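Data block below; observations after.
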Amino acid sequence: MPSVPPDDAPALHVEKLDVTYGRALSALRSVSLDVPHGAVVALLGANGAGKTTLLRAVSGTLRLHRGAITAGGVRYGDTVLDGRDPVTAVRAGVVQVPEGRRVFALFPRLAERTRQAAGLLSGGEQQMLAIGRALMAAPRLLLLDEPSLGLAPMMVDRIAEVVREINAGGTAVLLVEQNAGMALSLAERAHVLEVGEVRLSGDAAELARTDAVRRLYLGETADGAGGLDGRGAA
Ligand code: ATP
0 MPSVPPDDAP ALHVEKLDVT YGRALSALRS VSLDVPHGAV VALLGANGAG
50 KTTLLRAVSG TLRLHRGAIT AGGVRYGDTV LDGRDPVTAV RAGVVQVPEG
100 RRVFALFPRL AERTRQAAGL LSGGEQQMLA IGRALMAAPR LLLLDEPSLG
150 LAPMMVDRIA EVVREINAGG TAVLLVEQNA GMALSLAERA HVLEVGEVRL
200 SGDAAELART DAVRRLYLGE TADGAGGLDG RGAA
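Using numbering that gives the first Met the number 0, read the sequence shown as starting at 0 and increasing by one per residue.
Here is the structure:
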């Protein structure tokens with residue numbers, strides 16, 4: 000690998016990544032994906048598919064969860080991120096907004112609520128707060144973990160707008176979502192993880208038209224069963 004990547008090199012490059020938890024549970028197997036500079040890339044998949052694990056591998060937080068990269072690599076530009084700590088990722092401009100909105104920060108919309116405990120904010124407000132806190136680190140790549148989780152449709156639309164605004168400012172976004180409709184409307188490219196492996200990858204608009212994605216992730220399923228090949232997702 001050259002020490003200085005070419006200009007058109009992807010910002011984030013994940014190559015053939017294997018991750019295990021507690022030395023035994025295999026959570027990701029040979030996962031590869033890129034996030035180009037300034038792009039929005041969606042990562043879709045059912046519960047337990049490995050989406051959060053991938054974000055942890057990128058942000059250097061796997062070790063905090065007793066996970067480890069056992070093969071493959073993660074690079075942001077010319078910075079190697081695999082096997083490094085979260086500080087390395089943040090210094091390189093890669094910042095994760097964790098699932099679950101563990102937050103307390105500032106956000107313009109919330110200025111009048113500074114005396115209020117974060118737990119009393121609505122779900123949407125908490126999510127904005129989480130994103131706002133991450134933005135304080137001025138990321139070049141934002142890792143968003145299910146920002147629409149548990150939110151009412153109007154709030155989901157607002158979160159989508161916020162992601163668009165952030166991206167318009169030049170920040171790339173790797174967007175983990177179970178809400179495929181929202182994610183595919185924002186992303187240029189998307190990947191579908193199933194039980195730790197990438198099962199589909201491609202242009203987001205094209206993926207939104209594929210039968211498997213429409214059936215399994217866009218609410219057009221007749222029986223709700225099975226994985227992309229009918230085997231059943233975790
Ligand atoms: P969700 O949408 O439910 O958050 P996900 O696609 O983000 O799911 P992960 O949370 O990455 O999936 O989990 C992938 C696999 O790794 C699952 O089998 C999960 O049980 C397991 N796993 C996740 N975190 C740990 C951990 N700290 N220790 C052991 N196993 C874990």
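Glycine is no exception: its CB is placed at the ideal position from the N, C-alpha and C atoms. Note that the coordinates shown come from a computational prediction; the quantities given were computed from them, not determined experimentally.
Residue i: which of the options sits nearest, CA to CA?
| i | options | result |
| --- | --- | --- |
| Ala182 | Leu143, Asp210 and Ala133 | Leu143 |
| Thr170 | Val86, Ala48 and Met135 | Met135 |
| Ile130 | Arg62, Tyr20, Ala38 and Arg163 | Arg163 |
| Ser200 | Val40, Ser184 and Asn46 | Val40 |
| Ala253 | Leu185, Val175, Arg208 and Ala204 | The structure shown does not extend to residue 253, since the chain is modelled only from 0 through 233, so no value can be given for it. |
| Thr52 | Glu196, Arg208 and Asp210 | Glu196 |
| Ala38 | Ala167, Gln177 and Val191 | Ala167 |
| Ala23 | Asp156, Thr69 and Gly149 | Thr69 |
| Lys50 | Gly92, Glu193, Asp81 and Ala137 | Glu193 |
| Leu63 | Thr209, Ala48, Leu185 and Gly21 | Gly21 |
| Ala185 | Gln126, Glu160, Glu124 and Val94 | It is worth fixing the name first, because residue 185 is Leu in this sequence and not Ala. The shortest C-alpha separation from Leu185 is found at Glu160. |
| Asp156 | Glu124, Arg65 and Ala104 | Glu124 |
| Ala234 | Ser25, Gly47, Val94 and Ser29 | Nothing about residue 234 can be reported from this structure: the residues present for the chain run from 0 to 233 only. |
| Arg65 | Ser25, Ala88, His36 and Val30 | Ser25 |
| Asn178 | Glu145, His36 and Ala48 | Glu145 |
| Gly92 | Gly82, His36, Asp202 and Gly47 | His36 |
| Gly47 | Ala204, Val191 and Thr209 | Val191 |
Which residues does DSSP pair with residue i in a beta bridge?
| i | result |
| --- | --- |
| Thr51 | Answer is none; Thr51 lacks a bridge partner. |
| Arg74 | His12 and Val79 |
| Ile68 | Val18 |
| His190 | Leu42 and Ser200 |
| Val212 | Paired residues: none, contrary to the question. |
| Ser25 | Thr19 |
| Asp156 | The partner list for Asp156 (beta bridge, DSSP) is empty, contrary to what the question assumes. |
| Val86 | Per DSSP, none; premise fails for Val86. |
| Leu32 | Val13 |
| Val94 | Leu141 |
| Ala171 | Leu140 |
| Glu176 | Leu43 |
Is residue j closer than 8 angstroms to residue i when the C-beta atoms are compared?
| i | j | result |
| --- | --- | --- |
| Leu43 | Tyr216 | yes |
| Ile165 | Ser147 | no |
| Arg90 | Ala10 | no |
| Val239 | Ala133 | For the chain, the structure presents residues 0 to 233; residue 239 sits outside this window and is missing. |
| Ala56 | Thr19 | no |
| Gly122 | Met154 | yes |
| Ala104 | Leu128 | yes |
Go through its chain and collect everything with a Cβ distance to residue i's Cβ below 6 angstroms, but skip five positions before and after it.
| i | result |
| --- | --- |
| Gly71 | Glu14, Lys15, Leu16 and Asp17 |
| His12 | Asp33 and Arg74 |
| Glu173 | The sequence given here has Leu at residue 173, not Glu. Cβ neighbours of Leu173 beyond the five flanking positions: Val34, Val40 and Leu142. |
| Arg208 | none |
| Ala88 | Ser58, Gly59 and Leu80 |
| Ser29 | Lys15 |
| Leu61 | Arg55 |
Among residues of its own chain, excluding the 5 on either side of residue i, which ones have a beta-carbon nearer than 7 angstroms to its beta-carbon?
| i | result |
| --- | --- |
| Leu206 | Leu183, Ala189, Leu199 and Val212 |
| Pro4 | Unreliable placement is indicated for Pro4, whose pLDDT of 48 sits below 50; the coordinate value is still reported in the next sentence. If we look at Pro4 and ignore the five residues flanking it on each side, its Cβ neighbours are Gly76 and Asp77. |
| Asp84 | Gly59 |
| Ala203 | Ala41, Leu183, Ala186, Glu187, Arg188 and Ala189 |
Using a Cβ-Cβ cutoff of less than 8 angstroms, which residues in the same chain neighbour residue i once the five nearest sequence positions on both sides are dropped?
| i | result |
| --- | --- |
| Val86 | Gly59 |
| Leu150 | Gly122, Gly123, Gln126 and Ile158 |
| Gly82 | Ile68 |
So that I know if they touch, is there some Cβ in chain B lying closer than 8 angstroms to that of residue i?
| i | result |
| --- | --- |
| Arg208 | The structure shown contains no chain B; it is built from a single protein chain. |
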